[in-house]
DNA sequence: GCTGTTTATGGTAACGTTGCCAGATTCTTG
DNA sequence: CAAGAATCTGGCAACGTTACCATAAACAGC
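Chains as they are written, first to last, in the numbering used here: chain A, 376 to 737; chain L, 376 to 737.
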């Protein structure tokens, strides 16, 4: 790069720098810094950790040596010596289900990073044997805590082997509430979605709620029951009577979502607004309304849930929907973990609001 | 657990076990195992690492001690001693853009895990200062390699400070191709999408390609040019003439996507199939066709790209689309990293096929 | 029965770092 | 100016692990 006196020299200097680089980048230790700067290792350590009692002269020399040799302290040695590992485990059952659930990771990471900690992530793919193996690995690496995240809001069971490891659940919870958790406030979401329709002047508000059965049993999904309660509460607060006919439960296949919309609109007194259990339902709802020649939001307002950007921003008109606090849950989980380091954690059950994202469909 | 001679002893043993557990889970070392089993630390180490020259008797005693004290070797100490860190860095510019890009992480993780390695992930949020800080942290933790992933296929520039660290790019590449990379084969995707329409008997095939400009300049996105080339090639192979009027470029806003569909269908000889640059385009294309009273796939076939499950499976009819090999890219990147440990890596430029996912829209 | 190999075992150093201690120098203060 | 405090400084041990070395016993072959 720099000007060279003559070719041979330039070439030599270049390979030398390269060689040195290769050798050094591998392992520059505090000892070499000490030797290079002509001080003891302790002094170097003191400079690194901003301890007092180092003369300006030596501090300068050490800093220079560090820069010259591209020294980086070994986190491994620090940890072994007695420091913290600075590692947090992020365990998730299945990332793929809800795409924007990645935001949980981002939220967790941002807080961790601010505390000079790093995230070790493992996706178990729903395999509990794998989950236990992951916990084992986390333990071997001395993580200081674990965030267990589910990709949709539901009760979970923790993998074995977590005893004694501070664990916070995000977007899920234990049936017995014995561990701290942070989840979306579904009642709040249902309430404000309905309120948005009411505030826009709508009085008959349909609700295509979610529904799911495994072997005839409906798991206690808060999304289903919470949003319904919020819906009812909002109606009540606005003096509107609750009407069974306006509430439907869809197993979320496109055809079912479509059918429920059609049946809702075939009512003697059809709704002028439809609150959909999620954005996919809203998408199919749009199709059905379009086929009926109805305009959104002119004839019927539609509100979704989840704020899946690809759908909500991609639809025509763009979808007004409820935001799941994924990012915030990730943040909260790690925050709580870090705040309570050392202490035993209270099993706080935190619910974060799902704010309305107003677009064009109301 | 074992039978007790008299109650007092049992009780003592119990609390003792609990107490011991609390204290030990914190840190059981190889030394304590050795003392408990009445052997030397070396012997314990030999058992742990399946080395020969340990009598069955002592091996049994050591294994028992390990189980009794819930011992786990410290990866930190192993690493310091000279072992590998077993850490891989996963650096990404922005996870949020394409939701299913998380599959890159899953793919990377699965391979890493199979090699007893763990993924350290950092999302830079597109901030290059943060990216460099992340590289620094990765270095301090002695990661053995880095996967740099972009969330849509494009040229990138690596953060500073990666010199000497084996790096593989996933879903992105360097302009000068100086580092190995793995990306989707866009030409292949464009070719097979078009071929699917041709094979279904279609002869006039519209193409709503993607387009993007920043300050009047279109970055060299392979998605745009590659798919177009594939489209052209497929037509040629089937003896169909390429027609400029059938190819459009959309900046991907819902309204533009809609407009392009309408204009395509307003042609003197409108297409009987439309290949969309991605699933969002296809979604808007569906709306436009529905409004025209056209049936999919009866009147017009539609093919998407990306296979965003929420859209592709949520539409009516379900969308036939091209799968981006996210999971496979993650796998390939880590595989390549691990295979070439120690060696200097050839800057292989790998392109993985985008297979057709046949659903109902063709 | 003597050499040479195979098997079994534990002690010790080293990995890179920092806390503790001890020694040396300078600065206060009565 | 003597005694104590504050400021510098480096040596050494220890964190938990494994490679290397040394020692010892058992076993083979002639």
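Note that CB positions come from ideal geometry on N, CA and C, so glycine has one too.
Keep in mind it's a predicted model, so treat the numbers as computed, not measured.
- In the structure shown, the three-state DSSP call for residue 525 of chain A is strand.
- Per DSSP, the continuous beta strand (DSSP E) segment holding residue 556 of chain L begins and ends at 556 to 559.
- Identification of residues in the stretch 439 to 454 of chain L having a C-beta nearer than 8 Å to some C-beta of chain A yields 447, 448, 449, 450, 451, 452, 454, given in sequence order.
- Look at residue 603 of chain A here: in three-state DSSP terms it is helix.
- The alpha-carbon of residue 625 of chain L is positioned some 10 Å away from that of residue 636 of chain L.
- A Cβ-Cβ separation of about 7 Å places residue 463 of chain A in contact with residue 712 of chain A under the 8 Å criterion.
- Annotation: Cβ neighbours of residue 633 of chain L in chain A (cutoff 9 Å, chain order): 691.
- Residue 677 of chain A carries a strand assignment under DSSP once its states are collapsed to helix, strand and coil.
- The criterion of a C-beta distance shorter than 8 Å is not satisfied by residue 616 of chain L and residue 569 of chain L.
- For residue 671 of chain A, no CB of chain L lies under 8 Å from its own CB, so it is not counted at the interface with that chain.
- Residue nearest to residue 444 of chain A within the set A/533, A/409, A/728 is A/409 (criterion: CA-CA distance).
- Going by C-alpha positions, residue 469 of chain A is about 29 Å away from residue 736 of chain L.
- Per the Cβ contact rule, the stretch 690 to 706 of chain A is in contact with the stretch 663 to 679 of chain A (3 or more Cβ pairs under 8 Å).
- In this structure, the straight-line span from the alpha carbon of residue 665 of chain A to that of residue 485 of chain L is close to 44 Å.
- Proximity of residue 639 of chain L to chain A, defined by a Cβ-Cβ separation below 8 Å, is not satisfied.
- Taking C-beta atoms as the reference points, residue 656 of chain L and residue 583 of chain L count as a pair closer than 8 Å.
- At least one beta carbon of chain L lies nearer than 8 Å to the beta carbon of residue 666 of chain A.
- With fewer than three CB-CB distances shorter than 8 Å, the stretch 535 to 551 of chain A does not count as touching the stretch 489 to 497 of chain A.
- By the neighbour-count definition (other C-beta atoms within 10 Å, threshold 16), residue 426 of chain L is an exposed residue.
- In this structure, the CA atom of residue 429 of chain L is about 20 Å from the CA atom of residue 447 of chain L.
- Within the model, the alpha-carbon separation for residue 671 of chain A versus residue 461 of chain A is close to 51 Å.
- DSSP places residue 625 of chain A within a strand segment (E or B) once states are collapsed to three.
- Contact of residue 498 of chain A with chain L is assigned, a C-beta pair being separated by under 8 Å.
- Taking the Cα positions, residue 436 of chain A is about 58 Å away from residue 687 of chain A.
- Assigned with DSSP and collapsed to three states, residue 698 of chain L falls in strand.
- Residues 409 of the same chain have their beta carbon placed closer than 8 Å to that of residue 415 of chain A, with the five preceding and five following residues left out of the count.
- Under the rule that a run must span 4 or more residues, the alpha helix (DSSP H) segments found entirely inside the stretch 496 to 553 of chain A read 503 to 515.
- When the beta-carbon positions are compared, residue 709 of chain L and residue 483 of chain L come within less than 8 Å of each other.
- Beta-bridge pairing by DSSP links residue 581 of chain A to A/649.
- Going by C-alpha positions, residue 682 of chain L is about 10 Å away from residue 733 of chain L.
- At a cut-off of 8 Å between beta carbons, residue 659 of chain A contacts chain L.
- Per DSSP, reduced to three states, the secondary structure at residue 719 of chain L is coil, with no helix or strand assignment.
- Residue-level contact check: residue 699 of chain A does not touch chain L, since none of the beta carbons of chain L fall below 8 Å from its beta carbon.
- For residue 484 of chain A, the neighbours in chain L by C-beta distance under 9 Å run, in chain order, 496, 497, 498.
- Under the Cβ criterion (8 Å, minimum of three pairs), the stretch 529 to 540 of chain L does not count as touching the stretch 497 to 514 of chain A.
- Non-local C-beta neighbours of residue 604 of chain L in its own chain, meaning closer than 7 Å and more than five positions away in sequence, comprise 562, 565, ordered along the chain.
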